[in-house]
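First comes the structure, then the notes that go with it.
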Amino acid sequence: MSKADRLIATITRRIHAYEAGDRGAILAPEMMADAWELLQCSATAPGRYPPQVLLVLAWFRWHRAAQSPPDEREIDLQEAITLFALLPDDDPRAFPEPVRRFLHERRNPAPGDGAEWLDRAVRTADPAVLEQAISRLTAEVAESPQGPARAMPLANLGTALRLRFDRTGDALDLEAAVQAGRDAVRLIPHDHAGRPFALAMLGESLGLRFKHLGRRPDIDEAIEFARDAVAAAGAGRDRDMSMNVLAKQLRARSERDGLDADLDEALALLRTMAESVTADPHHQAVALSNLGGVLYSRYGLRGDRADLDEAIAVGRRTVEIIAKDEPQRARHLSNLANGLSRRFEAFGEPADIDEAIVLSREAVAATDPAQPDRATRLSDLAAMLSVRFDHRKSRADLDESIALSRAALHTGGLERPDRGRQLMHLSIALSKRYHFGDSRGGLDDAIRIGREAAQTLSLDGPQLSHLRANLGTSLISRFTATGNSADIDEAIAVARAAVDGTPAGHPSRATWMSSLARLWQHRFDRYGEAADLEAAVEAARAAVAGTAADAPWRPIYLSALAGVLSARFELAGDAGDLDDAERAARESIAGPRVNPKPQAGVLLGSAAVVLGIRFRHDGDPARLDEAIMLGRRAVRAGDPADAGRVEHLNNLGILLEQRWTALQRDTDRDEALDSWREAAGLGSARSDIRLVAALSRAHLTAAGSGPADAAGAYAEAVALLPLAAWRGMARGDREYALGSQRSLRAADAAACSTAAAHLGPAVELVDQARNIGWGQLLDIRTDLSACQHAAPELAARLDACRIALDEPAAAMTPVPDGATMGTAGLDGSG
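Numbers given in our numbering equal positions in the sequence shown, counted from 1, plus 36.
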């Protein structure tokens, strides 16, 4: 029995148990897990599943809808209808009666020609109705004589094929749609009433091919055909439709190339449309919706909040005038929700994200299960919940985001053109859950899914660049957790691809440049290569220079610049770098902060580090006091589960220790010890920083209170050592990790235990540290054949050492009662 057969049998048994009266059987958590697993293992082709799989899953979701809480019931019900709709209707008993009637009415309209079927397919978004439209239009084209009479069937067929490509992602449909559109335009007379429609629909198909294949000539040609459609159309609906298509293609080109002129032209067209269709609520809503879309795009290019606020206001007007039963209402609700979410991300008003999620839920509930847009709306809702998690750190929001992202992927099928964006949302959410305390496996999944997303999208443009940048973020997270250098190298490669894929002048380019600067600095910290630091400074300066003074994310770019400049000062000693770093750091925290909850800690912590470096260079105590104040604010600004908290705590401890050294105030020492104790105890944080914090606490305890009091702190540091060089790391990375912990001497830990008259623990600490070190060295030791060729005497001595170390140890001489081991070096006396 195959895995799929076993899962079908398991789910079927639970369905029968439910139908026999066991209401809890259908809601068991493992039931949903089995359903997802069945989908994943049973696909016969992208997005295609055996009928028995569809049938058992459809009945599972149908029964589950009857028992689910209200906020989940609508999703279960619509998923059930979607699955039933994929089944052939030759056996009525396979369907619940309400579903059978619903699907029958939708699939069996009154007879009509291909154009009527196409109109019904547009209104219902039913795949079966669209197939009927394509079949009839194909027959009409074949039956029409060569010449003008064939033009309109060709134009309608191209439109229907484009709609099917939107649903399935089949590239052959898109190519056929473009060809049918070209043939229609070639055949239709210049004075034919349908010519504007044929020109506009060809423009739509070319624009869609540009979106998915990234061919620049396609978008230029789409705009040319759309302009011809506007010129050929008289006043009325044809002209409005043609102007809308032209504005849409201009917007697409501006988003690809960052061209203000295209957006301004699109905006002028749509303002004219919005004013000319006030008597028709449906067409006015379409015009307003498109106007809002262009305003969102212009905000993305210029960062002017007035555009964003106007777009949201236009979205509210659209929702107000659209009828409750209008099929497109869900789209308008979704657009408004996305705008509010975008404003929250930029300016941090909590009411915006709450309203966005409410509207997004309403959009999902209002979307027909058979519509291709359903997967997109589930994915959008998932993204908004993920954004709200950043602000409130509610695990429920994050878990629901991940569940909805997975549902969107399964709803849309593997062939969906926007699958890459849905994968990206899931990857980001999984990465966030890792930072919130999930297992390393979650981060590995985030990277795997992010790689799949990057390969799924074929368009080289800002969307793919955004995807690559997020993949780089996940990779650097894993690098900081494990130390594997392959991750930092891949992170830099994908970040550079993100920069290269974004046109000069596009506002997103500055974001990717700043991220790349941070990655180069990470690699400099790892390898110490000055070239990496120079590249980081260049990228960080470019990010700041390419951003307007009032742009929302400029403080983040300034903070990154301050970090790389201060690092270069410490490397080369150029006081100008330190001056520039301090100016950038102060500017980053001077104005009103963007979305302060998640970002304030980063800005404040970076500024504290820069001022701490200034103190070490100039000795100005006022700089140190200010640095400590900022460090405390950085710790307070973050959530206890934030990944950056361990760094803020460790840096605050360093600053407080410096002031204790200068002034010998016990309060500073105690606060430093508390900061390092908390940092070392953060189990989900970076192990290398935890170990540094534990060591710093042990050293300061020994210096301030004597070695006896430091014994416990040293023991905790020794216990963290295996995490800093775990065996999952590459050999070179483990060598680096072991070599970077020279400040941890087992003798120090043992001497402190001895001073506390704890002889047994002293011996155990020495033995533990020795076992850790030699266990690692045995794993990474090198064959001596190359050394024997280059330096035979040295090779012989090393071989003798290895033989001696491999021999069984001689029995240890007991330590006499009352004897002590030396503590030289801890109190400065020996």
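All residues carry an ideal CB built from backbone N, CA and C; glycine is no exception.
Sequence-distant residues of the same chain with beta carbon closer than 7 angstroms to residue i, five excluded per side
i, result
"Leu122", "Leu90"
"Pro232", "Ala265, Ala268, Ala269, Asp274, Ser278"
"Pro850", "The predicted position of Pro850 is uncertain, since its pLDDT is 37 and thus under 50; no value can be drawn from it."
"Ala258", "Gly239, Leu242, Gly243, Phe246, Gln285"
"Val177", "Arg186, Pro189, Leu190, Leu193"
"Glu73", "Leu43"
Residue i vs residue j beta-carbon contact at 8 angstroms
i, j, result
"Ala746", "Ala730", "no"
"Arg198", "Ile170", "no"
"Trp355", "Arg287", "It is worth fixing the name first, because residue 355 is Val in this sequence and not Trp. Not a contact, by the Cβ cut-off of 8 angstroms."
"Arg252", "Leu210", "no"
"Gly674", "Arg668", "no"
"Ser441", "Ala411", "no"
"Leu238", "Ser290", "no"
"Tyr470", "Ser415", "no"
"Leu601", "Val573", "yes"
"Leu718", "Ala753", "no"
"Gly456", "Leu507", "no"
"Leu166", "Ala196", "yes"
"Leu569", "Arg604", "yes"
"Glu606", "Ile664", "no"
"Tyr335", "Leu344", "yes"
"Arg424", "Ile389", "yes"
"Gly328", "Gly351", "yes"
"Leu688", "Leu660", "no"
6 angstroms CB neighbourhood of residue i in its chain, flanking five on each side removed
i, result
"Ser18", "This structure does not reach residue 18, given that the chain is present from 37 up to 866, and the question cannot be answered."
"Ala643", "Ala621, Ile625, Leu666"
"Met188", "Gly230"
"Arg462", "Looking at the sequence provided, one finds Leu at residue 462 rather than Arg. Ser441, Ile485, listed in sequence order."
"Glu115", "Arg97"
"Ala576", "Ala553, Ala596, Leu597, Val600"
"Leu113", "Ala101"
Residue i - DSSP class collapsed to helix/strand/coil
i, result
"Asn520", "coil"
"Met188", "helix"
"Tyr85", "coil"
"His226", "coil"
"Leu34", "Nothing can be reported for residue 34: it is not among the residues displayed for the chain, which extend from 37 to 866."
"Arg701", "coil"
"Lys284", "helix"
"Phe605", "helix"
"Glu362", "coil"
"Leu122", "coil"
"Ser377", "helix"
"Pro181", "coil"
"Pro163", "helix"
"Trp589", "coil"
"Thr412", "helix"
"Arg672", "helix"
"Ile625", "coil"
"Pro105", "coil"
"Asp404", "coil"
"Thr583", "coil"
"Gly328", "helix"
Residues near residue i in its chain [Cβ-Cβ closer than 8 angstroms; skip 5 each side]
i, result
"Gly693", "For the sequence presented, residue 693 should be read as Glu rather than Gly. Excluding sequence neighbours, Glu693 sits near Asp704, Arg705, Ala708, Ser732, Leu736."
"Val630", "The pLDDT assigned to Val630 is 42, lower than 50, so where the model puts this residue is not dependable; a value taken from the coordinates is nonetheless given after this. Excluding sequence neighbours, Val630 sits near Ala382, Phe383, Gly384, Pro588, Trp589, Pro591, Ile592."
"Val214", "Gly194, Leu238, Ser241, Leu242, Arg245"
"Val941", "This structure gives no information on residue 941, because the portion of the chain shown stretches from 37 to 866."
"Ala517", "Arg476, Leu479, Arg722, Ser723"
"Ile255", "Leu242, Gly243, Phe246, Gln285, Ala288, Arg289, Arg292"
| said: Between the segment 219-228 and the segment 189-208, can you find at least three pairs of beta-carbon atoms closer than 8 angstroms? | reply: Taking 8 angstroms as the limit for Cβ pairs, the verdict is that the segment 219-228 does touch the segment 189-208.
| query | Should the segment 547-556 be called in touch with the segment 523-537, which here means at least 3 C-beta pairs below 8 angstroms? | reply | Three or more Cβ pairs drawn from the segment 547-556 and the segment 523-537 lie within less than 8 angstroms of each other, which places the two stretches in contact.
| the segment 292-311 / the segment 267-284 touching (three or more Cβ pairs under 8 angstroms) | Touching, yes.
| Is the number of C-beta pairs between the segment 551-563 and the segment 584-592 that are closer than 8 angstroms three or more? | Short answer: they don't touch.
| field | 4-residue-minimum alpha helix (DSSP H) runs that sit fully inside the segment 414-487, ordered along the chain | value | Within the segment 414-487, the complete alpha helix (DSSP H) segments of 4 residues or longer fall at 431-448, 455-471, listed in chain order.
| alpha helix (DSSP H) runs contained entirely in the segment 195-248, provided each spans 4 or more residues | List check, alpha helix (DSSP H) in window: 207-223.
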